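Q:
Residue numbers (the working numbering): 1 to 276.
1) DSSP on residue 51, reduced to helix/strand/coil?
2) Going by the DSSP bridge assignment, what does residue 101 pair with across the sheet?
3) So, helix, strand or coil for residue 7, using DSSP?
4) Locate the beta strand (DSSP E) running through residue 230, then write down its first and last residues.
5) Which whole runs of the alpha helix (DSSP H) in the stretch 136-190 are 4 residues long or more, in chain order?
6) Is residue 12 helix, strand or coil by DSSP?
7) How long is the line joining the alpha carbons of residue 244 and residue 164, rounded to whole angstroms?
8) Does the stretch 5-13 come within contact of the stretch 194-207, defined as at least 3 CB pairs closer than 8 Å?
9) Quick one, are the C-beta atoms of residue 273 and residue 230 less than 7 Å apart?
10) Using 8 Å for Cβ pairs, my map puts residue 67 next to residue 54. What's the rounded Cβ distance?
11) Just verifying my parser: in three-state terms, what is the DSSP assignment at residue 106?
12) Secondary structure at residue 207, three-state DSSP: helix, strand or coil?
13) Any heavy atom of the ligand HEM closer than 6 Å to the beta-carbon of residue 119?
14) Kindly indicate the opening and closing residues of the alpha helix (DSSP H) around residue 90.
15) Report the residue from 209, 203 and 150 whose alpha carbon sits nearest the alpha carbon of residue 171.
16) Just the Cα atoms here: how many angstroms apart are residue 135 and residue 10?
17) Compute the Euclidean distance between the alpha carbons of residue 262 and residue 98, then round it to the nearest angstrom.
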């Protein structure tokens, strides 16, 4: 069974750029590079990964592409590009020479304007991605879901994936509004969902495997077996149980799935979505 980690990060730690990594996160307050990840993937039977941007610059995209070129197990890159740039088409054309560049992401969750993704210049940029075959990762909080639903509906031929289940408030056991809104988003067949980043939305030290079951039930039922994919969110997952904890939760949940459904979740859907 092919296994792909559809969501992890690399960085050379920078105190200013990576200011989101506070003193509660000392375990990830240093460099994380392919040599650190490879043994972890091997221990967990993972065949390859998709490296996702963690900072918003052209340099970040090139950094990830360079790492992917040097490391065959990095199967794809989700970079960053300024979708509002006047020379966006020129940039996208240049990027086509990098066959490991699969898509882009913006840290929408941190924008002061919650409707940032509905701004005309941003949407103009989204409209250019399909021409070049690029996907788009949507990084948001639950309160952004209605806007994401509008975004997905406005571009039915663009492939989107929601990162980290849109970060439901697992620690507080809040589910009703998130469930309503993510089900609405899932109605759009061009939207996939990454089963990633859950452990850090729960109580970092005290989470239990069953804490995640209601949320997993919602996304597996809403998106179906063909539009969910595994992601570790390494190294951020080290804050709350690490790679082993993430795998434990998902192996337990996947016991109820058919072999075909497991194959899709662990690697098939990511391979199709990102054209790996």
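Note that the Cβ used here is the ideal one computed from N, Cα and C, for glycine as well. Since we're looking at a predicted model, the values are computed, not measured.
A: Well, looking at it:
1) strand
2) Within the DSSP bridge table, the entry for residue 101 names 77 as partners.
3) Residue state, collapsed to three classes: strand.
4) It spans 228-230 - the beta strand (DSSP E) in which residue 230 sits, taken as one unbroken run.
5) 145-154 and 176-186
6) coil
7) 17 Å
8) The stretch 5-13, when compared against the stretch 194-207, does touch it at the 8 Å Cβ threshold.
9) no
10) Wrong, their Cβ atoms sit about 12 Å apart, outside the cutoff.
11) strand
12) coil
13) In the structure shown, the ligand HEM is absent, as is every other ligand, since no ligand is present at all.
14) 88-95
15) 203
16) Linking residue 135 to residue 10 through their CA atoms gives a straight-line distance of about 20 Å.
17) 30 Å
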